[in-house]
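Please read the structure below before turning to the comments.
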Amino acid sequence: MSKVMQVLEQMGSDASSQSDQAIEQLLITTEVNAEQAEAVINKDIISLERQLDVRLEMVCGVLPADDDEDEEKDDEDSTEETSNRVIGF
Amino acid sequence: MQGSLVCVGTGMLLGGHISPISTSYIAQADVIFSLMSTGISERWVEEMHDDVRSLQPYYQEGKNRNITYNEMVEAILTEVRAGHKVVAVFYGHPGVFACVSHRAVKSAKQENLPAHIEAGISAEDCLYADLSIDPGKTGCINYEASQFMFYQRNIDPAAHLILWQVGFAGDKSLAKYSTGSAYRQVLVDLLLETYPSDHQVILYQAKVLPIDTMRAEHIALADLVDAELFMHTTLVIPPSEKMRPNQAVLDKLAKLDQQKPQSNHRPKLRLVL
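Taken in order, these protein sequences are the chains called A and E.
Quick note on numbering: the working numbering labels position 54 of the first sequence as 54, and the sequence is numbered without any gaps.
Quick note on numbering: the working numbering labels position 140 of the second sequence as 140, and the sequence is numbered without any gaps.
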């Protein structure tokens, strides 16, 4: 696991890594690079995302308002082009 | 070798909420599928295992999300059918407001492949802690926001009402990732049938990264129309009325209490000769 991810994981799980002082010490001991350390200290998520080159467009809705999977399959089966994309329902 | 599927949740907070059993399933899996809510948490999962495949690319604005979800399920099931130990990692609780895990487990079981969901810490769990709401105090009703609009649902103004995915409330196409103020006005009009326009509601977003901050913004219900909403914003509507006693039931219970007064004073032990 990368150093900065180790830091984030410890910040999220270690009761003694909650204060600003403890986080700064953690960044030093794990030898996180200066730019990433600055982003962590400043809670600059956008900067950290860019430095890590992670996916920026994330969708986080995982529930349809109408969760009728069988009906959806029937609709899809009537469309030859896409029917092979919905299997198992 | 028979394949298997376990759906696990990372909880909401990176590093802080994932359970030991979920971590173990990830470590011992052949293939991991992930559906996380931020790029950083997605990277975190990727760094736990050599073969982590994000389900995010299946999303596409303008594409019906039901199709997206079914494609995700099919990707997962393909690996299970191939005999692999598959773990699908979701943010939050993998079985709460998450149709992909339920559909995948259902499909696997229909094919006699072992599959189950491990409990995780959901956004709802965080909400109760962050907003100091005890759902047992006055009751709490949860609805998906669009579903709440599409169907005739009951509102109890003496209980908390929580509407999820309010950022794209009213999207009948299931193809949008946000809806505008006109859609929200329809939602507000619906809520105004029960609540006063100045009723204080809360826009809630759980903390998902240790460098993130929790959002608990109090606004008047009428101001929801122009509020800044995201896909992960939840609308919390506190009670606007006090609970009213159900006198008819209370009277029935009182009669029962009067009929068997001796039962409370019955000796615990009786000598039988």
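Where a beta carbon is used, it is the ideal one built from N, C-alpha and C, also for glycine.
### Task
Tell me the start and end of each unbroken beta strand (DSSP E) in the stretch 96 to 122 of chain E that is at least 3 residues and wholly inside, in chain order.
115 to 117
### Query
Would you report the Cα separation of A/G88 and E/Y69, rounded to the nearest angstrom?
With a pLDDT of 25 at A/G88, under the threshold of 50, the modelled position of this residue cannot be trusted; read the value that follows with caution. One C-alpha to the other measures close to 12 Å.
### Message
Could you tell me the alpha carbon to alpha carbon distance between A/I23 and E/D189, rounded to whole angstroms?
### Response
Cα to Cα, the separation comes out at about 47 Å.
### Message
Between E/A119 and E/L77, how many whole angstroms is the CB-CB distance? I'm expecting something under 8 Å.
### Response
Cβ atoms of E/A119 and E/L77 stay farther apart than 8 Å, at about 22 Å.
### Task
Give the secondary structure of E/N142 by DSSP, where H, G and I count as helix, E and B as strand, and everything else as coil.
strand
### Message
Are the CB atoms of E/V87 and E/R53 within a distance shorter than 8 Å?
### Response
no
### Query
What residues in its chain sit with their C-beta under 6 Å from that of A/L48, if we drop five residues either side in the sequence?
A39
### Query
In this structure, does DSSP put E/L235 in helix, strand or coil?
Reduced to three states, the DSSP call for E/L235 is strand.
### is_contact[E/F33, chain A] using C-beta, thresh 8 Å
no
#### Entry: Contact with chain E by A/Q21, beta-carbon distance below 8 Å
no
### Query
The beta strand (DSSP E) spanning E/Y204 covers which residue range?
Q200 to Q205
### Query
Do you know offhand how far E/V8's Cα is from E/H116's?
The alpha-carbon atoms of E/V8 and E/H116 are separated by roughly 9 Å.
### Task
Compute the distance between the beta-carbons of E/I26 and E/M48, then report whether it is under 8 Å.
yes
### Message
Would you call the stretch 203 to 217 of chain E in contact with the stretch 242 to 256 of chain E, where contact means no fewer than 3 C-beta pairs closer than 8 Å?
### Response
no
### Task
Tell me, please, which residues DSSP counts as bridged to E/R215.
E/Q205
#### Entry: Beta-carbon contacts of A/M11 that lie in its chain and below 7 Å, excluding the five residues immediately before and after
S17 and I23
### Task
Determine the contact status of E/L187 and E/G167, defining contact as a CB-CB distance below 8 Å.
no
### Message
Run through the DSSP bridge pairs and tell me what E/H160 is partnered with.
### Response
E/C140
### Query
Under 8 Å Cβ-Cβ, which residues of chain E neighbour A/L52?
G39, I40 and R43
### Query
Taking C-beta to C-beta, are E/V80 and E/S4 nearer than 8 Å?
yes
### Amino acids of chain A, ordered along the chain, whose beta-carbon sits closer than 8 Å to that of E/G16
Chain A residues near E/G16: G12 and S13.
### Query
Roughly how many whole angstroms lie between the Cα atoms of E/L191 and E/E144?
14 Å
### Query
Since A/V59 meets chain E, which of its residues come closer than 8 Å, beta carbon to beta carbon?
Q56, Y59, Y177 and M231
### Query
Comparing the C-beta of E/C99 with each C-beta of chain A, is any distance below 8 Å?
Cβ-Cβ to chain A under 8 Å: yes for E/C99.
#### Entry: Cα-Cα separation between A/V32 and A/D14, rounded to whole angstroms
Distance between the alpha carbons of A/V32 and A/D14 is about 18 Å.
### Pairwise C-alpha distance: E/N154 and A/D74
Because the pLDDT at A/D74 is just 44, under 50, the model does not fix this residue reliably, and the value given afterwards should be weighed accordingly. Taking the straight line from one Cα to the other gives about 30 Å.
#### Entry: First and last residue of the uninterrupted alpha helix (DSSP H) at E/S24
P20 to Q28
### Query
E/S41 by DSSP, collapsed to three states: which one?
helix
#### Entry: Opening and closing residue of the beta strand (DSSP E) in which E/R53 lies
V52 to S54
### Message
Taking only three categories from DSSP, how would you classify A/V62?
### Response
Three-state result, A/V62: coil.
### Query
Three-state secondary structure (DSSP) at E/K255?
Correct three-state label for E/K255: helix.
### Query
Listing by chain order, which chain E residues have their CB less than 9 Å from the CB of A/I45?
T38, I40, L209, I211 and D212
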